[in-house]
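Student: After the structure tokens below, expect a handful of questions from me.
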Amino acid sequence: MAKYSIIMEKKNKLFDRTEYIIQVEHPKEKTPTREEAKEKIAEMLNVDKNKLVIKKIVSKYGLPYSFIYARVYDNIDTAKRVELKQILRRNNLQ
């Protein structure tokens, strides 16, 4: 079972979002998919998963942890206006 912990939390008032860096420890498991990570992070932060955008998941070969760069928007319309189209597609928001 992967363990999620928040490394950094920053409120970005300009874009009406909160930015997170989350460390996922997944010993002897694969790196979590965006959808798996999105479910777990939305549950952990108690937010609507449609307002959660995962920008990237960074893993290094052989290490049992990954870093997830995530953003939680106050409004989904802001996310659709600000985020790149490819990021929205990867997060099933387009």
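In the numbering used here, the protein residues as written are 19 to 112.
Don't be surprised by glycine CBs; every beta carbon is placed ideally from N, CA and C.
Which residues bound the alpha helix (DSSP H) around TYR100?
Tutor: The residue you call residue 100 lines up with position 82 of the sequence shown. Looking at the sequence itself, residue 100 is Val, so the reference to Tyr does not match. VAL100 -> alpha helix (DSSP H) spans 94-100.
Student: Between the alpha carbons of PRO50 and LEU32, how many angstroms are there, rounded?
Tutor: In the sequence shown, the residue the question calls residue 50 occupies position 32. In the sequence shown, the residue the question calls residue 32 occupies position 14. Answer to the nearest angstrom: the Cα atoms are 30 Å apart.
Student: Do the CB positions of LYS21 and GLU43 come within less than 7 Å of each other?
Tutor: Along the sequence shown, one-based indexing puts residue 21 at 3. Along the sequence shown, one-based indexing puts residue 43 at 25. Yes; because the gap between Cβ atoms is below 7 Å, this pair is in contact.
Student: Can you tell me whether DSSP reads LEU81 as helix, strand or coil?
Tutor: Numbered from its first residue, the sequence shown carries residue 81 at position 63. DSSP places LEU81 in coil when its eight states are reduced to three.
Student: Could you check the C-alpha separation between THR96 and TYR83 for me, to the nearest Å?
Tutor: Taking the sequence shown and counting its residues from 1, one reaches residue 96 at position 78. Taking the sequence shown and counting its residues from 1, one reaches residue 83 at position 65. Their Cα atoms are separated by approximately 31 Å.
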